[in-house]
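Comments concern the structure below.
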């Protein structure tokens, strides 16, 4: 089950980024400690990101609240 926003160690809401968020996401992943959880919030399901996460040794779980928000919980494998 995806971590609640207030329970994640880190939260990155890319809905607030003007323009392409990929650079912000990869910068966050590079600084991401092994023992923390990152909750990524997006306005669409970020399917292109999944392969990048797997290649970098992360696992993820994605849910949607039925509105326009998608939540991706990211952890190191």
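Residue numbers (the UniProt record's numbering): 1 to 77.
Just so you know, even glycine gets a beta-carbon here, dropped at the ideal spot from N, CA and C.
Checklist entry - Beta-carbon separation of residue 10 and residue 53 under 7 Å? => result By 1-based counting over the chain shown, the position of residue 10 is 10. By 1-based counting over the chain shown, the position of residue 53 is 53. Their beta carbons are not under 7 Å apart, which means residue 10 does not touch residue 53 by this criterion.
Checklist entry - So what's residue 37 in DSSP terms, helix, strand or just coil? => result Residue mapping note: residue 37 aligns to position 37 of the chain shown, counting from 1. Residue 37 falls in the coil class under three-state DSSP.
Checklist entry - Of all the alpha helix (DSSP H) runs that stay within the bounds of the UniProt domain "DUF2249" (12–76), which reach a length of 4 or more residues? => result 22–30 and 47–55
Checklist entry - Buried or exposed: residue 55, going by 16 or more other Cβ atoms within 10 Å of its Cβ? => result The residue you call residue 55 lines up with position 55 of the chain shown. With fewer than 16 Cβ atoms within 10 Å of its Cβ, residue 55 is classed as exposed.
Checklist entry - Could you give the distance in angstroms between the alpha-carbon of residue 13 and the alpha-carbon of residue 77? => result Here residue 13 corresponds to residue number 13 of the chain shown, with the count starting at 1. Here residue 77 corresponds to residue number 77 of the chain shown, with the count starting at 1. Their Cα atoms are separated by approximately 22 Å.
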